[in-house]
Amino acid sequence: MPTDIIMPQMGESIVEGTITKWLKKPGDKVQRDEPLFEISTDKVDAEIPAPASGVLQEIKVSEGTTVGVNTIVGTISAEGEAAAAPAKSSAAVPEKVSQKKEEKQPTATPTPTPAASGPPAESREEEEARSSPLVRKIAREHGVNLSQISGTGLGGRITKQDILSFIEGQSSAPAAAPRESAPSVPVSRSAAPPAPAAYPGDLVPMTNMRKIIAQRMIESRRTSAHVHCMYEVDFTRIVHLRAKHKNAFEERHCVRLTFMPFFVRAAIIAVQQWPIINATIEGDSVRYHRNINVGIAVALDWGLIVPVLKNAGDLNFLGLQRGITDLGERARSKKLKPEDVEGSTFTVTNPGQFGAVFGLPIINQPNSAIMGVGGITKQPLVVTDKEGNDSIAIRSVVHLTLGYDHRLIDGAVADEFMALVKKTLENWTEEIG
Numbered sequence: 314m315p316t317d318i319i320m321p322q323m324g325e326s327i328v329e330g331t332i333t334k335w336l337k338k339p340g341d342k343v344q345r346d347e348p349l350f351e352i353s354t355d356k357v358d359a360e361i362p363a364p365a366s367g368v369l370q371e372i373k374v375s376e377g378t379t380v381g382v383n384t385i386v387g388t389i390s391a392e393g394e395a396a397a398a399p400a401k402s403s404a405a406v407p408e409k410v411s412q413k414k415e416e417k418q419p420t421a422t423p424t425p426t427p428a429a430s431g432p433p434a435e436s437r438e439e440e441e442a443r444s445s446p447l448v449r450k451i452a453r454e455h456g457v458n459l460s461q462i463s464g465t466g467l468g469g470r471i472t473k474q475d476i477l478s479f480i481e482g483q484s485s486a487p488a489a490a491p492r493e494s495a496p497s498v499p500v501s502r503s504a505a506p507p508a509p510a511a512y513p514g515d516l517v518p519m520t521n522m523r524k525i526i527a528q529r530m531i532e533s534r535r536t537s538a539h540v541h542c543m544y545e546v547d548f549t550r551i552v553h554l555r556a557k558h559k560n561a562f563e564e565r566h567c568v569r570l571t572f573m574p575f576f577v578r579a580a581i582i583a584v585q586q587w588p589i590i591n592a593t594i595e596g597d598s599v600r601y602h603r604n605i606n607v608g609i610a611v612a613l614d615w616g617l618i619v620p621v622l623k624n625a626g627d628l629n630f631l632g633l634q635r636g637i638t639d640l641g642e643r644a645r646s647k648k649l650k651p652e653d654v655e656g657s658t659f660t661v662t663n664p665g666q667f668g669a670v671f672g673l674p675i676i677n678q679p680n681s682a683i684m685g686v687g688g689i690t691k692q693p694l695v696v697t698d699k700e701g702n703d704s705i706a707i708r709s710v711v712h713l714t715l716g717y718d719h720r721l722i723d724g725a726v727a728d729e730f731m732a733l734v735k736k737t738l739e740n741w742t743e744e745i746g
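Be aware that the sequence shown starts at 314, since it is given in this note's numbering, and climbs by one per residue.
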């Protein structure tokens, strides 16, 4: 009997999900726990693994369709039934896109020889299904045909490192490559277009994630009385500290040493002195949270998500770095669970990684404050020595912005909070492990 593929319930409060992409097509072999399709809910975007090994027999719910949890969205048959799979699945494709699907049929038509894993001339659509939006974006920018790359990820998926290594190994790209790479954007099997394929003049529907982001940003602006303050921080001490220890840190702990845990740790120290920054308005009352749960904004190729580092106040520096790295990697690979994006009490966002001097971030509800980290640049600063003598020196500078809800947090409190963050960073003394 075929195995049903079920729309999972990604959390107690989630009642439906949208299928954003099938990573396999009917007739393809699948392995148990291999990523099979991607979904989007009001909490997370996630890859859903195959419930059994075999052959994807039928897709019952097309991309872009929203269905309730526990809905059967497809079936997996035993490997011996592979030859009949493409014919059985044709009725599952919506009528409005059947013409596009037919264009692909010659590639998928069964032949007398075993072809369950795809013929030698494997379709480009299948190659791109085994890669992330970020990988496809890099491929387009560099004119790379993904069929040339052997993926090292689960199920042969092409990882970011795979494509970067491939590009680095090529001395030059053919002039016609960008033109040839354009058709490699996978043909959608529904009315919902793939996220990266938008051009000037196109009218495309919002993705589910984009709709949720838009809704929550407007809700936050309407809810909180937004005020911002900005502080200039001499970051030279930490820049030198990181440069000195990053190689040994990575060798010892198998994790990169980034700047983010310095900012998060400084914010935690300040929150512990000014707990109102970590509080939440509930009706006419104020909830002072026992734990400091730091939301870390992660920019994705298809939107923005804020996974949460739980009980961050109980972690040492190494624990912060490991937690931040883990959340970022799982966010980009769509491995987050609903509980990973719930329960934040304070948020840190880092627009500076893209070159912004500073930003004015919108508060992540129901938090009362969010700290934005600007870019680290070298600037001339007036430096005062122990004897009170002034001189001009080139220093590494970062601008930090605090967005806060003025209904709860007064300007004086926000400034004292940020002054302590600044002092902690400029006079860093904590061991980094």
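Ideal Cβ placement from N, Cα and C applies to all residues, glycine included.
For Ala-391, which residues from the same chain have a beta carbon less than 7 Å from its beta carbon, with the 5 sequence-adjacent residues on both sides left out?
The residue you call residue 391 lines up with position 78 of the sequence shown. Gly-367.
In three-state DSSP terms, what is Thr-742?
By one-based count along the sequence shown, residue 742 stands at place 429. Three-state DSSP puts Thr-742 in coil, outside helix and strand.
Label Phe-576 either buried or exposed according to how many other C-beta atoms from any shown protein chain fall within 10 Å of its C-beta, with 16 as the threshold for buried.
Taking the sequence shown and counting its residues from 1, one reaches residue 576 at position 263. By the neighbour-count rule (16 or more Cβ atoms within 10 Å), Phe-576 is buried.
Which first and last residues belong to the beta strand (DSSP E) in which Asp-547 is found?
Start at 1 with the first residue of the sequence shown, and residue 547 comes out as number 234. 539-547 is the extent of the beta strand (DSSP E) around Asp-547.
Asp-718: buried (16+ other C-beta within 10 angstroms of its C-beta) or exposed?
As a working note, residue 718 is residue 405 in the sequence shown. With 16 or more other Cβ atoms within 10 Å, it is buried.
Please state whether DSSP places Ile-582 in a helix, a strand or coil.
The residue labelled residue 582 in the question sits at position 269 within the sequence shown. Looking at Ile-582 - three-state DSSP - the assignment turns out to be helix.
I'd like to know if the region 637-644 and the region 334-341 are in contact, where contact means that at least 3 CB-CB pairs between them fall below 8 Å.
no
Backbone secondary structure at Val-734 - three-state DSSP:
On the sequence shown, position 421 is the one that residue 734 refers to. It is helical.
When the Cα atoms are used, what is the spatial distance from Val-599 to Thr-714?
For the purposes of this step, residue 599 is taken as the residue at position 286 of the sequence shown. For the purposes of this step, residue 714 is taken as the residue at position 401 of the sequence shown. Rounded to the nearest angstrom, the two C-alpha atoms are 24 Å apart.
Please list the segments of the alpha helix (DSSP H) lying wholly inside the region 583-648, counting only runs of 4 or more residues, in order along the chain.
630-645
Would you kindly work out how many angstroms separate the C-alpha atoms of Ile-581 and Pro-651, rounded to a whole number?
Here residue 581 refers to the residue found at position 268 when the sequence shown is read from its first residue. Here residue 651 refers to the residue found at position 338 when the sequence shown is read from its first residue. The straight-line gap from Cα to Cα measures roughly 24 Å.
So, for Val-380: in the same chain, excluding its five sequence neighbours on each side, which residues have a beta-carbon less than 6 Å away from its beta-carbon?
Numbered from its first residue, the sequence shown carries residue 380 at position 67. Same-chain partners within the cutoff: Met-320 and Val-374.
So for Asp-698, helix, strand or coil by DSSP?
Within the sequence shown, residue 698 is the residue found at index 385, counting from 1. DSSP places Asp-698 in coil when its eight states are reduced to three.
Ile-605 and Trp-741 look like a contact to me (Cβ under 8 Å); what is the Cβ gap, rounded to whole Å?
Working through the sequence shown from its first residue, we reach residue 605 at position 292. Working through the sequence shown from its first residue, we reach residue 741 at position 428. Actually they are not in contact, since the Cβ atoms of Ile-605 and Trp-741 sit about 19 Å apart, beyond 8 Å.
Ordered along the chain, which non-local residues of its own chain (more than five positions away) have a Cβ less than 7 Å from that of Ala-365?
Here residue 365 refers to the residue found at position 52 of the sequence shown. Thr-316, Arg-345 and Ile-389, listed in sequence order.
Starting from Gln-370, trace the beta strand (DSSP E) in both directions and tell me its first and last residue.
Residue numbering aside, residue 370 sits at position 57 when the sequence shown is read from its first letter. From DSSP, the beta strand (DSSP E) with Gln-370 extends over 367-372.
For the beta strand (DSSP E) containing Ile-327, list its first residue and its last residue.
Working through the sequence shown from its first residue, we reach residue 327 at position 14. First-last for Ile-327: undefined, no H or E at that position.
Pro-364 (DSSP reduced to helix, strand or coil):
Indexing the sequence shown from 1 puts residue 364 at position 51. DSSP places Pro-364 in coil when its eight states are reduced to three.
Which class does Ile-526 belong to by DSSP, given the choice of helix, strand or coil?
Here residue 526 is taken as the residue at index 213 of the sequence shown, counted from 1. Of the three classes helix, strand and coil, the one that applies to Ile-526 here is helix, per DSSP.
Shortest alpha-carbon distance to Thr-662 belongs to which of Ile-609, Met-323 and Thr-384?
For this step, residue 662 is matched to residue 349 along the sequence shown. Nearest of Ile-609, Met-323 and Thr-384 to Thr-662, Cα basis: Ile-609.
Nearest CA to the CA of Glu-564: which residue from Gly-746, Glu-360 and Ala-363?
Indexing the sequence shown from 1 puts residue 564 at position 251. Ranking Gly-746, Glu-360 and Ala-363 by Cα distance to Glu-564 puts Gly-746 first.
From Met-573 to Gly-632, what does the alpha carbon distance come to, in whole angstroms?
Against the sequence shown, residue 573 aligns to sequence position 260. Against the sequence shown, residue 632 aligns to sequence position 319. Near 12 Å, if we compare the C-alpha coordinates of Gly-632 and Met-573.
Quick one: does the C-beta of Arg-578 sit closer than 8 Å to a heavy atom of the ligand ATP?
Absent from the structure shown: the ligand ATP. Ligands present: none.
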